[in-house]
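Asks:
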Ligand SMILES: [Mg+2]
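Numbering (the working numbering), first residue to last: 1347 to 1578.
Here it is in structure tokens:
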């Protein structure tokens, strides 16, 4: 039998606001603290190029894997702490309310390990059914390598399509261009604009995670009340 609903979140820039650096850039900076001058220079250059949008998905993954191969769980936790400093009680309460009426999941082009550490620190890892993105996995020598599940925006849309069989309604919440295919594939797509003023995409746009989550709750509750013929 189909579950009633699923709400899918993007991670970077959606579940937390990006201030200067996203979570993967923060992990590189954290790893660089324990490394020599050359590594620091390489890391800084990579981040600058990444912020200019120079890399495609494959070349990003290749370079990112090299830079974080010696990262540790402590560094991942450190990044999660920085991200969580922008998230408060109100966001958590809204997410908890939503989790009572909807399954929750994360589809990200970012790193699953960081998203998981973030949810653990928020005390909400049990509320999310899945986190799919890129996973850092240790080999026998303790070196991280990268397992890419969601390689890019189109994979997010394919993942939504594959979840169709299990859910009556799928909501997707993102923040930018890499989320558009996922938002289009969902029944209802939303954008969290985190303090940006203008609506940039043709989707309902909210100034905070809390307001987007509260809107999801309203949407799902009114959907439940509406007669079947009135639904999309
Ligand atoms: Mg994002």
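For glycine and all other residues, C-beta sits at the position ideal for the given N, C-alpha and C. Fair warning: this is a prediction, and the values are worked out from it, not measured in the lab.
Tell me the DSSP secondary structure of residue 1511 in three-state form.
Replies: Taking the first residue of the chain shown as 1, we reach residue 1511 at position 165. The answer is helix: DSSP assigns residue 1511 an H, G or I state.
Asks: Under 7 Å Cβ to Cβ from residue 1551, same chain only, skipping five residues before and after it: list those, please.
Replies: Along the chain shown, one-based indexing puts residue 1551 at 205. Here the set comprises 1537, 1539 and 1545.
Asks: Please find out if some non-hydrogen atom of ligand 1 comes closer than 7 Å to the beta-carbon of residue 1399.
Replies: Residue 1399 sits at position 53 when you count from the first residue of the chain shown. Residue 1399 has its CB no nearer than 7 Å to any heavy atom of ligand 1.
Asks: Tell me, please, whether the stretch 1439-1452 touches the stretch 1559-1568 by the rule of three or more beta-carbon pairs shorter than 8 Å.
Replies: yes
Asks: Since residue 1413 contacts residue 1374 with CB under 8 Å, what's their CB separation in whole angstroms?
Replies: Here residue 1413 is taken as the residue at index 67 of the chain shown, counted from 1. Here residue 1374 is taken as the residue at index 28 of the chain shown, counted from 1. Sure, about 5 Å apart at Cβ, within 8 Å.
Asks: On the CB-based measure, 16 or more other CB atoms within 10 Å of its CB, does residue 1502 come out buried or exposed?
Replies: Walking along the chain shown from the start, residue 1502 turns up at place 156. Buried, by the Cβ-count rule.
Asks: Between residue 1360 and ligand 1, is there a pair consisting of the residue's CB and a ligand heavy atom that are separated by less than 7 Å?
Replies: By one-based count along the chain shown, residue 1360 stands at place 14. Yes, Cβ of residue 1360 sits closer than 7 Å to a heavy atom of ligand 1.
Asks: So is the beta-carbon of residue 1479 under 7 Å away from any non-hydrogen atom of ligand 3?
Replies: Although ligand 3 was asked about, the structure shown includes only ligand 1 as ligands.
Asks: Output the distance between the C-alpha atoms of residue 1460 and residue 1489, rounded to the nearest integer angstrom.
Replies: As a first step, residue 1460 is located in the chain shown; it is residue number 114 there, counting from the start. As a first step, residue 1489 is located in the chain shown; it is residue number 143 there, counting from the start. Straight-line Cα distance between these residues: approximately 17 Å.
Asks: Give the single residue among 1541, 1533 and 1557 whose Cα lies nearest to the Cα of residue 1569.
Replies: Within the chain shown, the letter at position 223 stands for residue 1569. For residue 1569, the nearest C-alpha among the options comes from 1533.
Asks: Quick check on residue 1536: does DSSP put it in helix, strand or coil?
Replies: Translated into the one-based positions of the chain shown, residue 1536 becomes position 190. Reduced to three states, the DSSP call for residue 1536 is strand.
Asks: Is residue 1521 near ligand 1 - that is, is its Cβ less than 7 Å away from at least one heavy atom of it?
Replies: As a first step, residue 1521 must be located in the chain shown, where it is residue number 175. Checking the Cβ of residue 1521 against ligand 1 gives yes.
Asks: Compare the beta carbon distance of residue 1357 and residue 1433 with 8 Å and say whether it is the shorter of the two.
Replies: Position 11 of the chain shown holds residue 1357. Position 87 of the chain shown holds residue 1433. Taking 8 Å as the Cβ cut-off, residue 1357 and residue 1433 do not qualify as a contacting pair.
Asks: Given a cut-off of 8 Å, decide if residue 1427 and residue 1349 are closer than it, judged by their beta-carbon atoms.
Replies: Sequence index remark: in the chain shown, residue 1349 carries index 3 (1-based). Sequence index remark: in the chain shown, residue 1427 carries index 81 (1-based). No, the pair does not count as a contact, with Cβ atoms beyond the cut-off.
Asks: Please specify which runs of the alpha helix (DSSP H), each continuous and at least 4 residues long, are wholly inside the stretch 1378-1429, giving them in chain order.
Replies: 1383-1397 and 1403-1414
Asks: Is residue 1371 buried or exposed, if buried means 16 or more other CB atoms sit within 10 Å of its CB?
Replies: Here residue 1371 is taken as the residue at index 25 of the chain shown, counted from 1. The residue in question, residue 1371, is buried, as its Cβ has 16 or more Cβ neighbours within 10 Å.
Asks: Could you check the C-alpha separation between residue 1542 and residue 1487 for me, to the nearest Å?
Replies: Position 196 of the chain shown, counted from the start, is the residue given in the question as residue 1542. Position 141 of the chain shown, counted from the start, is the residue given in the question as residue 1487. Roughly 44 Å between the two C-alpha positions.
Asks: Please determine, among 1436, 1383, 1504 and 1498, the residue with the shortest C-alpha to C-alpha distance to residue 1480.
Replies: In the chain shown, the residue the question calls residue 1480 occupies position 134. Nearest of 1436, 1383, 1504 and 1498 to residue 1480, Cα basis: 1498.
Asks: Quick one: is residue 1577 buried, meaning 16 or more other Cβ sit within 10 Å of its Cβ, or exposed?
Replies: Residue mapping note: residue 1577 aligns to position 231 of the chain shown, counting from 1. With a pLDDT of 49 at residue 1577, under the threshold of 50, the modelled position of that residue is not reliable, and the figure given next carries that caveat. Exposed, since its Cβ has fewer than 16 Cβ neighbours within 10 Å.
Asks: Locate the alpha helix (DSSP H) running through residue 1351, then write down its first and last residues.
Replies: Counted from its first residue, the chain shown places residue 1351 at position 5. That residue, residue 1351, is in no alpha helix (DSSP H); its beta strand (DSSP E) goes 1349-1355.
Asks: Out of 1462, 1406 and 1549, state which residue places its alpha-carbon closest to the alpha-carbon of residue 1424.
Replies: Counting from one through the chain shown, the residue named residue 1424 turns up at place 78. Among 1462, 1406 and 1549, the Cα nearest to that of residue 1424 is on 1462.
Asks: Examine ligand 1 and report whether any of its heavy atoms sits within less than 7 Å of the Cβ of residue 1457.
Replies: Position 111 of the chain shown, counted from the first residue, corresponds to residue 1457. The answer is no for residue 1457.
Asks: Rank 1504, 1475, 1455 and 1468 by C-alpha distance to the C-alpha of residue 1524 and give the top, closest one.
Replies: Within the chain shown, the letter at position 178 stands for residue 1524. Ranked by Cα distance from residue 1524, the first of 1504, 1475, 1455 and 1468 is 1455.
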